[in-house]
Amino acid sequence: MFRGKEVAPVLQNALDDLGIPVVWDAPHVSADTVVLHNPAFLKFDPPFAMRIFARNFIVVTHENFLRPGGYEAFDAGHCLKLLDSACLALRKTLAPVSSHNRTTIADWLATRSGFDNWSLLDTDWHNICDFPILTPTPAPLDRRGRHSRPGFEKFPSLEQLDACFPEHAIANVIVGGDAFRHESTHRLHWTLVPFQSIEIDKYFEMIDFMVYFTAPTWRESFGRVLAEGIAAGKVVISDPDTASVFDGAVIPSRPAEVTAVISHFINHPKRYAEHVLAAQAKLAVFSADAFRATHGAMIGDLPEAAA
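First residue of the sequence shown? That's 149 in our numbering, and the numbers climb one at a time after it.
Below, the structure is given as structure tokens:
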């Protein structure tokens, strides 16, 4: 999906723990169950030379097939056809990562022909959110922040950003807001941190509220950064649709309402702590144990980490 051939650090750590080597560009892959993550990577790579042989071929759909308004997010048909021709399997399954992600895939399939050989997994292939759980502060301040990669689709309008990160806040830390360094958009009361230039724990030390809205043409398929904020002991605020994935752990709001939400929790610090602790408890549904309980039988016994 991105430049270079470096394994993501969290994935590399897991591979090292399990003693599994990385094989780049294997000519073929064969197993009872083969799992491929994010077919959208094929939108950048028309040829796909790998051959896959499996009883069960599971394609985890980390990206939504449709954007808000029903527009196709990428050429999903092209990507699935490449995988279809490359794979010989008894069953081919699309595995959504959330309820919203599932809706976009189901709606896409309902209006496309030629994909009847793909089934939709009954249960979500949710992210495993295995983050350190930190204690919420007993005295929250008006310190706001957000982090994401710097794509324009990841940010709302400048007017909405001004509402979310106003001058009167004690801190406004925006990680990944590289595009707003231009003099016409830069705000002196914003601390703009380049993407991947700060350790995530250092970023969370700078804020008490995580405020996350995106462009109206974009919708997160899951919202892993929101789960990170909850685990870090912060009150997390987002739009109602994105918040719905987290069953009350993320506060649904609109940009114009953010300051009122934050003021409420600053004036009632006990409620701040109560909300964070309740939100952290709800992350259990995205734990490794929860994933194993739901999908363990499908993919077989998972190996234990090497001693």
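Heads up, the beta-carbon is just placed ideally off N, CA and C, and yes, glycines get one too.
Same chain, Cβ closer than 6 Å to residue i, neighbours up to 5 away in sequence not counted
| i | result |
| --- | --- |
| Phe-205 | Val-182, Cys-235, Ala-237, Lys-240 |
| Asp-437 | none |
| Val-384 | Met-358, Leu-374, Gly-377, Ile-378, Val-398 |
| Asp-180 | Arg-203 |
| Phe-222 | Ala-188, Lys-191 |
Range of the contiguous alpha helix (DSSP H) that encloses residue i
| i | result |
| --- | --- |
| Asp-310 | 306–312 |
| Phe-439 | 436–447 |
| Ile-348 | 348–353 |
| Ala-408 | 406–415 |
| Val-393 | Careful: Val-393 lies outside any alpha helix (DSSP H) and carries neither H nor E. |
| Leu-431 | It is not in any alpha helix (DSSP H) - Leu-431 carries neither H nor E in the DSSP assignment. |
| Ala-379 | 372–379 |
| Asn-161 | 157–166 |
CB contact flag (residue i, residue j, <9 Å)
| i | j | result |
| --- | --- | --- |
| Pro-314 | Phe-357 | no |
| Ile-414 | Asp-290 | yes |
| Trp-172 | Phe-213 | no |
| Val-424 | Ser-386 | no |
| Arg-292 | Ala-317 | yes |
| Phe-352 | Glu-376 | yes |
| Pro-364 | Pro-304 | yes |
| Val-177 | Arg-199 | yes |
| Leu-309 | Pro-216 | no |
| Leu-230 | Trp-266 | no |
Separation of residue j from residue i, as counted between CA atoms
| i | j | result |
| --- | --- | --- |
| Ser-332 | Ile-346 | 25 Å |
| Ala-454 | Leu-336 | Because the pLDDT of Ala-454 is 41, which lies under 50, any placement of that residue in the model is unreliable, and the number read from its coordinates should be weighed accordingly. Each residue's Cα considered, the two are about 49 Å apart. |
| His-295 | Asp-264 | 39 Å |
| Val-433 | Glu-368 | 18 Å |
| Asp-349 | Ile-281 | 12 Å |
| Pro-451 | Thr-362 | Caution applies to Pro-451, whose pLDDT of 48 falls short of 50 and renders its modelled position unreliable; the value that the coordinates give is listed next. Rounded to the nearest angstrom, the two C-alpha atoms are 38 Å apart. |
| Asp-278 | Arg-372 | 11 Å |
| Thr-339 | Ala-319 | 8 Å |
| Pro-175 | Ala-197 | 7 Å |
| Ser-392 | His-274 | 14 Å |
| Glu-154 | Gln-160 | 9 Å |
| His-334 | Ile-322 | 11 Å |
| Ile-447 | Gly-396 | 30 Å |
| Trp-366 | Ser-233 | 30 Å |
| Phe-328 | Glu-405 | 23 Å |
| Ile-355 | Val-409 | 15 Å |
Boundaries of the beta strand (DSSP E) in which residue i is found, first to last residue
| i | result |
| --- | --- |
| Gly-293 | 291–295 |
| Trp-104 | Here the chain comprises residues numbered 149 to 455, so residue 104 is not present and cannot be evaluated. |
| Cys-227 | Cys-227 -> not in any beta strand (DSSP E); alpha helix (DSSP H) instead, spanning 224–234. |
| Asp-180 | 176–185 |
| Asn-204 | 199–209 |
| Val-341 | 339–341 |
| Tyr-360 | 357–360 |
| Val-321 | 319–323 |
| Ile-276 | Careful: Ile-276 lies outside any beta strand (DSSP E) and carries neither H nor E. |
| Ile-124 | The requested residue 124 does not occur in the structure, where the chain is confined to residues 149 to 455. |
Where residue i falls, given that 16 or more other Cβ within 10 Å makes a residue buried
| i | result |
| --- | --- |
| Ser-246 | buried |
| Ser-401 | buried |
| Gly-381 | buried |
| Pro-187 | buried |
| Gln-344 | exposed |
| Pro-342 | exposed |
| Phe-201 | exposed |
| Pro-195 | exposed |
| His-330 | exposed |
| Gln-428 | buried |
| Ser-261 | exposed |
| Ala-421 | buried |
| Asp-272 | buried |
| Thr-252 | buried |
| Val-158 | exposed |
Same chain, Cβ closer than 8 Å to residue i, neighbours up to 5 away in sequence not counted
| i | result |
| --- | --- |
| Ala-445 | none |
| Tyr-218 | According to the sequence provided, residue 218 is Gly. The question's Tyr does not apply to it. So the qualifying residues of the chain are Asp-255. |
| Glu-220 | Phe-213, Leu-214, Trp-256 |
| Leu-163 | Val-155, Pro-169, Val-170 |
Own chain residues within Cβ distance below 7 Å of residue i, not counting five before or after
| i | result |
| --- | --- |
| His-185 | Val-208, His-210 |
| Pro-286 | Pro-417, Ala-421 |
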